[in-house]
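Quick notes on the structure that follows.
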Amino acid sequence: MSEPAALHAVPRHPRAWAVGALVLHLAVALAWWRLGWQWGLGLLMALHLAFVWGTLRPGSRLFGPVRCRFPTAQREVWLTIDDGPSAETPAILDLLDRHGARATFFLVGERAQARPDLVHAIATRGHGIGNHSQTHPQARFWALGPRAMRREILDCQRALAALTGTPPRWFRAVVGHANPFVHAPLREAGLSRLAWSARGYDAVESDSARITAAIARDLAPGAIVLLHEAAPHGRSVEIIAAVLGELDRAGYRAVVPEG
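Mind the numbering: the sequence shown is residues 28 to 286 in the working numbering, read in order.
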């Protein structure tokens with residue numbers, strides 16, 4: 028398999044988890060019957076905890092493929108910026124230009140529809156655009172059922188495709204949470220899920236030095252860096268500037284991988 032094909036992995040069997048869950052629950056029922064309720068209850072709790080872990084852990088592959096790094100032998104990282112577009116987008120684009128950096132902006136559909144000029148600016152200045160749900164329901168994304176999840180993903184996909192003329196190829200789960208119902212609409216839309224390997228919790232942390240230090244610890248060829256725009260603390264532009272400075276200092280180039 029070629030490198031681009033391996034990088035972009037659309038879920039092949041997005042409902043396989045249901046078959047696995049049925050088989051495992053039957054095994055738990057058998058253990059309950061043969062070994063007693065103590066064993067059965069313990070196994071049932073372990074099984075359900077595994078499902079919770081698979082939902083809440085951003086890099087979990089329990090329900091489908093997810094990319095946390097990209098293959099490269101060069102000192103390159105993939106800079107990803109979530110939650111836009113916003114009033115900060117123009118300043119961020121100027122920063123990226125000054126550093127010769129490229130990034131993928133994971134956009135919220137309704138925000139993109141409200142600021143189409145910024146979506147066009149991101150695309151025309153050579154950056155990638157990814158799907159980050161239609162409304163960004165961060166408090167309940169992990170618990171959405173199949174219909175609501177499908178709407179969040181496919182409505183955003185249609186909105187971004189209409190604005191740019193090209194449907195996104197990458198999806199970033201809200202808060203990184205991907206429950207069992209995420210991967211079926213990803214397959215329908217031809218999307219691949221992208222997580223990250225380096226972050227500084229900049230959506231809530233406002234100290235650029237601490238954020239930069241946390242990201243620097245996880246820098247390596249092929250790292251995927253998570254950043255945000257328009258965080259409530261109002262320092263996102265300053266933080267992105269600091270991270271770009273650290274990448275320059277460490278000799279890393281911010282690229283958007285092909286594939």
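Note that beta-carbon positions come from the ideal geometry of N, C-alpha and C, so glycine has one too.
On a Cα-Cα basis, can you pick out the residue from the options that is closest to residue i?
{"i": "A58", "options": "V93, A268, L70, A150", "result": "L70"}
{"i": "A240", "options": "G227, V46, P248", "result": "G227"}
{"i": "P143", "options": "A130, Q65, A188", "result": "A188"}
{"i": "E232", "options": "R199, V209, I266", "result": "I266"}
{"i": "Y279", "options": "A100, H75, A43", "result": "A100"}
{"i": "H40", "options": "L190, V252, V209, A247", "result": "V209"}
{"i": "R42", "options": "E256, V252, P173, A216", "result": "P173"}
Please return the same chain residues whose Cβ sits closer than 7 Å to the Cβ of residue i, not counting the five positions on each side in sequence.
{"i": "A268", "result": "L122"}
{"i": "H163", "result": "D110, V135, V201"}
{"i": "P284", "result": "L34, F97, W105"}
Tell me where the alpha helix (DSSP H) around residue i begins and ends.
{"i": "F78", "result": "64-83"}
{"i": "D182", "result": "173-191"}
{"i": "G272", "result": "263-277"}
{"i": "T116", "result": "116-126"}
{"i": "A258", "result": "First-last for A258: undefined, no H or E at that position."}
{"i": "D144", "result": "143-151"}
{"i": "E215", "result": "210-216"}
{"i": "A230", "result": "Where A230 is concerned, there is no enclosing alpha helix (DSSP H), given that its DSSP letter is neither H nor E."}
{"i": "R96", "result": "It is not in any alpha helix (DSSP H) - R96 carries neither H nor E in the DSSP assignment."}
Measure the Cβ-Cβ separation of residue i and residue j and say whether it is below 8 Å.
{"i": "L271", "j": "T107", "result": "no"}
{"i": "P38", "j": "R214", "result": "yes"}
{"i": "A186", "j": "A139", "result": "yes"}
{"i": "F132", "j": "H147", "result": "no"}
{"i": "G249", "j": "P85", "result": "no"}
{"i": "R94", "j": "A222", "result": "yes"}
{"i": "D245", "j": "S224", "result": "yes"}
{"i": "P207", "j": "L181", "result": "no"}
{"i": "F90", "j": "A205", "result": "yes"}
{"i": "H126", "j": "D275", "result": "yes"}
{"i": "F198", "j": "G261", "result": "no"}
{"i": "V282", "j": "E137", "result": "no"}
Tell me which residues share the same chain as residue i and place their Cβ nearer than 6 Å to its Cβ, disregarding the 5 neighbours each side in the sequence.
{"i": "T116", "result": "L145"}
{"i": "A36", "result": "P92, S219"}
{"i": "A258", "result": "A230"}
{"i": "E273", "result": "T239, A243"}
{"i": "A114", "result": "none"}
Applying the 10 Å Cβ sphere with the 16-neighbour rule, what's the burial state of residue i?
{"i": "L68", "result": "exposed"}
{"i": "M28", "result": "Its pLDDT being 32, under 50, M28 is placed unreliably by the model, and the measurement read from it follows with that caveat. Burial call: exposed."}
{"i": "V50", "result": "exposed"}
{"i": "A277", "result": "exposed"}
{"i": "Q184", "result": "buried"}
{"i": "L171", "result": "buried"}
{"i": "Q161", "result": "buried"}
{"i": "L62", "result": "exposed"}
{"i": "M72", "result": "exposed"}
{"i": "H75", "result": "exposed"}
{"i": "V46", "result": "exposed"}
{"i": "A141", "result": "exposed"}
{"i": "A56", "result": "exposed"}
{"i": "A216", "result": "buried"}
Which residues mark the beginning and the end of the beta strand (DSSP E) in which residue i is found?
{"i": "A130", "result": "130-134"}
{"i": "T107", "result": "103-111"}
{"i": "L253", "result": "250-255"}
{"i": "G155", "result": "155-158"}
Short of 8 Å in beta carbon distance, which residues of its chain neighbour residue i, apart from the five on each side in sequence? Order them along the chain.
{"i": "L120", "result": "A148, I149, R152, H154"}
{"i": "S87", "result": "W80, G81, V93, A205"}
{"i": "F78", "result": "A48, L89, P207"}
{"i": "Q165", "result": "V201, V202"}
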